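Using our numbering, read the sequence shown as starting at 45 and increasing by one per residue.
Only one structure is covered here, and it is reproduced in the block below.
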Amino acid sequence: DMEVHFGYSPGFTLDADQEPVTREVEIFERLAKTFRVTGSTLEVYHEGWIPGKPGCTERPNCVEPNVHTAGGFSVAQFAVSFVNRQLLASPPDRSA
45 DMEVHFGYSP GFTLDADQEP VTREVEIFER LAKTFRVTGS TLEVYHEGWI
95 PGKPGCTERP NCVEPNVHTA GGFSVAQFAV SFVNRQLLAS PPDRSA
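Below is the structure:
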């Protein structure tokens, strides 16, 4: 299990030409080659999301999330569970 915070990397220095979110997406792409996602908190968070709910528009210091869907739902922080793809492979035929 892993908790994700897109755009938040205290104490980590990026390459001069690299955006934090780009680096984090690249990490997810590499993880996907070895692991499969088995669950996340995104659906639960989305169920509690109410578009147009008072909040950001009333606060002048509120900024647009680093990562969000086309509808504005923030995916900047969530938890995700992985399993190694090799554990999902078909078991060997032991009938011989």
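Every residue, glycine too, gets a C-beta built ideally from N, C-alpha and C.
Predicted model only: the values in this text are computed from it and were never measured.
DSSP three-state assignment for F72, whether helix, strand or coil: helix
Report back the beta-carbon spacing between F79 and F126 to the nearest angstrom; my notes put them in contact at under 8 Å. Right, the Cβ-Cβ distance comes to about 4 Å (below 8 Å), so this counts as a contact.
Less than 8 Å separating the beta-carbons of H49 and A133? The Cβ atoms of H49 and A133 do not sit closer than 8 Å to each other.
Since I believe V124 is in contact with M46 (beta carbons under 8 Å), could you give me their beta-carbon distance rounded to a whole number of angstroms? 6 Å
Residues sharing a beta bridge with Q121, DSSP: H49
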